[in-house]
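Participant: This is the structure, below, for whatever I ask next.
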Amino acid sequence: MSSVAQSAQTTYVRLRVAQHLLAIAAGRVEEFADYRVPVPLPSAPAHLLGLMPLRDRSVPLVALDIFLATAVCCEPRRVVIVVCDGMRVGIVCDEIVGMRDIPNEQLTPLPRSMPNGIHPYVTHEHATDSGVVRVLDVSALLAAARVRKP
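Counting the sequence shown from 1 gives a position; our numbering is that position plus 225.
The following block contains the structure:
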């Protein structure tokens, strides 16, 4: 038996949206999908792109670049399907960077100088060789984006 205590860690899916490197707890991620043009929703805000068919169901898509009012770097290519608060929603991203275990003690509180658009939807940060990864609060994001359970 080892005398070294194991630290608690969480597995995150990392994704890129415009200039942001973001992370979502892997336990919230159901699957990944290629982006397909969604069926628009009448009177929906611009960041709710519509319903994307995915096998036998349709998934509402949230465009984080539009919602966060960040520069759009390229056409959407991937969708991270998340399950949260009884909803199944697709988060559109430029790239799925990969998965990574992050020890909880390496997550740091948010700085006050963080961009305002993203601040309410992020819980922590983690410094990496490729930049700062911000952990998304999926529940807060979907509530603010006005994605509601049908």
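The C-beta atom is built at its ideal place from N, Cα and C for all residues, glycine as well. In this text the structure is predicted, and so the values were computed from the model without any measurement.
Going by beta carbon distance, what residues of the same chain come within less than 7 Å of A294, once the five residues before and after it are set aside?
Facilitator: Walking along the sequence shown from the start, residue 294 turns up at place 69. Correct list, in chain order: G342.
Participant: Is the Cβ-Cβ distance between I321 and R239 less than 9 Å?
Facilitator: Counting from one through the sequence shown, the residue named residue 321 turns up at place 96. Counting from one through the sequence shown, the residue named residue 239 turns up at place 14. Contact: yes.
Participant: What do you reckon, are the CB atoms on H349 and L335 nearer than 9 Å?
Facilitator: For the purposes of this step, residue 349 is identified with residue 124 of the sequence shown, where counting begins at 1. For the purposes of this step, residue 335 is identified with residue 110 of the sequence shown, where counting begins at 1. Yes, they are a contact pair.
Participant: When the distance is taken between beta carbons, is L276 closer than 9 Å to V264?
Facilitator: Within the sequence shown, numbered from 1, the residue matching residue 264 stands at position 39. Within the sequence shown, numbered from 1, the residue matching residue 276 stands at position 51. Yes.
Participant: Just checking my contact of M324 with A251 at CB under 8 Å: how many whole Å lie between their CB atoms?
Facilitator: Locating residue 324 in the sequence shown gives position 99, counting from the first residue. Locating residue 251 in the sequence shown gives position 26, counting from the first residue. That belief holds up - the Cβ atoms of M324 and A251 are roughly 6 Å apart, short of 8 Å.
Participant: Is DSSP giving Y384 helix, strand or coil here?
Facilitator: Examination of residue 384 is not possible in this model, given that the chain is present from 226 through 375 alone.
Participant: At 4 residues or longer, and completely inside the segment 274 to 329: list those alpha helix (DSSP H) runs for me, N to C.
Facilitator: For the segment 274 to 329, whole alpha helix (DSSP H) runs of length 4 or above, ordered along the chain, are 289 to 292.
Participant: Looking at the secondary structure, which residues open and close the beta strand (DSSP E) in which A369 lies?
Facilitator: Translated into positions along the sequence shown, residue 369 becomes position 144. Premise fails: A369 lies in the alpha helix (DSSP H), V363 to A369, not in any beta strand (DSSP E).
Participant: Can you give the Cα-Cα distance for L367 and C318, rounded to whole angstroms?
Facilitator: Here residue 367 refers to the residue found at position 142 of the sequence shown. Here residue 318 refers to the residue found at position 93 of the sequence shown. When rounded, the distance between both Cα atoms is 15 Å.
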